[in-house]
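*Asks:* Heads up: the sequence shown runs through residues 2 to 65, numbered per the numbering used here.
A virtual CB, placed ideally from N, CA and C, is assigned to each residue, including glycine.
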Amino acid sequence: MRLRILLVCFFVLLPLAAVATPEIGLPIPDFEFRGVEGALHRKADFVGRRGVVIAWFPKAFTPG
């Protein structure tokens with residue numbers, strides 16, 4: 002039974018190892034998001050700035 006569980010876990014988690022990680026220096030894809038104040042932000046709004054940090058908290062403003 003343990004072997005079966007280990008094999009299932011292995012084959013379920015194996016595809017996660019194949020996910021490509023972004024490389025430093027490559028351009029980021031176009032994106033847009035709506036901020037908490039309601040304004041729409043796009044990648045083009047940040048072009049030319051020295052650095053941009055996007056922090057995303059999936060449980061922010063939720064009861065969970």
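Bridge partners of R43, per DSSP?
*Replies:* E33
*Asks:* Would you grab the beta carbon distance between L41 and E33 for me? Rounded to a whole angstrom, and I think it's under 8 Å.
*Replies:* 6 Å
*Asks:* Which class does I55 belong to by DSSP, given the choice of helix, strand or coil?
*Replies:* coil
*Asks:* Report the residue from E38, M2, G36, G52 whose alpha carbon sits nearest the alpha carbon of I1.
*Replies:* An answer regarding residue 1 cannot be provided, because it is not within the stretch 2 to 65 covered by the chain.
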